[in-house]
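Novice: The following block contains the structure, expressed as structure tokens.
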Amino acid sequence: MAIAVVVHGAAGRMGSEVINTLCGDEGLRAVGAVDLRVKGDLLTLPDGSGDIPISTDLEAILLRCRPDVMVDFTIRDAAMPAARVAAKQGVNLVMGTTGLSTEDVEEIRGLCNNGDIGAIIAPNFSLGAVVMTHLARLAARYFDSAEIIEKHHDKKADAPSGTALATARAMAEARGKRFNYPALEKETLAGTRGGETEGIAIHSVRLPGLLAHQEVILGAPGQTLTIRHDSISRETFMPGVVMAIKEVVKTKGLVYGLESLLGL
141 MAIAVVVHGA AGRMGSEVIN TLCGDEGLRA VGAVDLRVKG DLLTLPDGSG
191 DIPISTDLEA ILLRCRPDVM VDFTIRDAAM PAARVAAKQG VNLVMGTTGL
241 STEDVEEIRG LCNNGDIGAI IAPNFSLGAV VMTHLARLAA RYFDSAEIIE
291 KHHDKKADAP SGTALATARA MAEARGKRFN YPALEKETLA GTRGGETEGI
341 AIHSVRLPGL LAHQEVILGA PGQTLTIRHD SISRETFMPG VVMAIKEVVK
391 TKGLVYGLES LLGL
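The numbering used here numbers the first residue of the sequence shown as 141 and each following residue consecutively.
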């Protein structure tokens, strides 16, 4: 039997791509959609297979459609209330919203434990990006200095990206201590060095024409090592989303990141 899915944020760029992907997988079935920008009460599926109910009211859609999983690609202020509503109804969670704090993640862990459900939260659903972070962890043990440049489209609401922050934290954890962050005598333009966490400077670029790109640059005397990943279209995230949906229905509790699903 196909896994029934409701998409929260269905009219957004990622939500629309998720709906399209669900239509192309025999093991998954879109049964409902939620978006604050909705007009009407039906969403026509892109493969022409029919319509599904759509609403601004998540609770009403969950009660009507009884999904196995809610997929969320919205913003933090919408994602957290949605997670609470879905968990209360025993619906498993797949969340790709960036900007969730450590406290948010711990709250979702508690929702899973109290509701006996599964949740998969990932800073990035691109399998290539997950491998990039894994390689950066491996390299971090051999370098004392590192910086991250992340580039995204100009509509991205937050900076730095969740992927960049997760990568920096993973590198510091693997290294076992902070990286060496060079002190400046003078900064003639405020913010030129970007943000800093764990001794790693993170630089955020926002431009039309970009989607999602990241470079991890590690430095040592006489050499640098660059690990780079580029997402060219939103299709890059869909294999990870599909994997997460199929795994979360077999999961109890919270899984953070796709690393464990990939055996990394």
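Built from N, CA and C at the ideal position, the CB exists for glycine as well.
Alpha carbon to alpha carbon, how far is Val395 from Lys326?
Specialist: Their backbone Cα atoms lie some 43 Å apart in a straight line.
Novice: Helix, strand or coil: how does DSSP classify Asn253 here?
Specialist: helix
Novice: What does the alpha-carbon distance come out to for the pair Arg177 and Ser156?
Specialist: 13 Å
Novice: What are the boundary residues of the alpha helix (DSSP H) that Val388 is part of?
Specialist: Met378 to Val388
Novice: Label Pro263 either buried or exposed according to how many other C-beta atoms from any shown protein chain fall within 10 Å of its C-beta, with 16 as the threshold for buried.
Specialist: buried
Novice: Please identify the residue among Glu375, Ile261 and Ile159 whose C-alpha is closest to the C-alpha of Thr391.
Specialist: Ile261
Novice: If you draw a straight line from the alpha carbon of Leu275 to that of Ile367, how long is it in whole angstroms?
Specialist: 8 Å
Novice: What's the C-alpha gap between Glu246 and Asp256?
Specialist: Computed Cα separation, rounded: 15 Å.
Novice: By a C-beta neighbour count over all protein chains shown, 10 Å radius and 16 as the cutoff for buried, is Leu240 buried or exposed?
Specialist: Its Cβ being crowded by 16 or more others within 10 Å, Leu240 is buried.
Novice: Given a cut-off of 8 Å on the beta-carbon distance, is the pair Ala151 and Asp175 in contact?
Specialist: yes
Novice: Determine the DSSP secondary structure at Ser285, reduced to helix, strand or coil.
Specialist: strand
Novice: Looking at the C-beta of Ala223, does it have a partner C-beta in chain C at a distance below 8 Å?
Specialist: Note that chain C does not occur in the displayed structure, where there is just one protein chain.
Novice: Give every residue of the same chain whose Cβ lies closer than 7 Å to the Cβ of Val171, excluding the five residues on either side of it in the sequence, and list them in chain order.
Specialist: Closer than 7 Å at Cβ, skipping near neighbours: Ala144, Val145, Val146, Ile192, Cys205 and Pro207.
Novice: Helix, strand or coil for Asp165, going by three-state DSSP, please let me know.
Specialist: Three-state DSSP puts Asp165 in coil, outside helix and strand.
Novice: Just curious, the alpha helix (DSSP H) that Ile215 is in, first and last residue?
Specialist: Counting along the chain, Ile215 falls outside any alpha helix (DSSP H), and DSSP gives it neither H nor E.
Novice: Tell me where the beta strand (DSSP E) around Met110 begins and ends.
Specialist: Absent from the structure is residue 110, since the part of the chain shown begins at 141 and ends at 404.
Novice: Give me the Cα-Cα distance between Thr364 and Ile357, rounded to the nearest whole angstrom.
Specialist: Straight-line spacing of the CA atoms in Thr364 and Ile357 works out to 7 Å.
Novice: Provide the residue span of the alpha helix (DSSP H) that contains Ala306, from first to last.
Specialist: Gly302 to Arg315 is the span of the alpha helix (DSSP H), which, as asked, contains Ala306.
Novice: Nearest to Leu324 by alpha carbon, out of Arg318, Ala352 and Arg333?
Specialist: Arg333
Novice: Whose C-beta lies closer than 8 Å to the C-beta of Ser442 among residues of the same chain, with five residues either side of it excluded?
Specialist: In the structure displayed, the chain extends from 141 to 404; residue 442 sits before or after that span and is not available.
Novice: Would you say Val382 and Val211 are within 8 Å of each other, going by their C-beta atoms?
Specialist: no
Novice: For Ser156, which of helix, strand or coil comes out of DSSP?
Specialist: helix
Novice: Does Ser400 pass the burial test, meaning 16 or more other C-beta atoms within 10 Å, or should it be called exposed?
Specialist: When all chains shown are included, Ser400 counts as exposed.
Novice: Give the C-beta separation of Ile159 and Ala173 to the nearest angstrom, bearing in mind that I take them to be a contact with Cβ-Cβ under 8 Å.
Specialist: Between Ala173 and Ile159 the Cβ distance is about 7 Å, and since that is below 8 Å, they are a contact.
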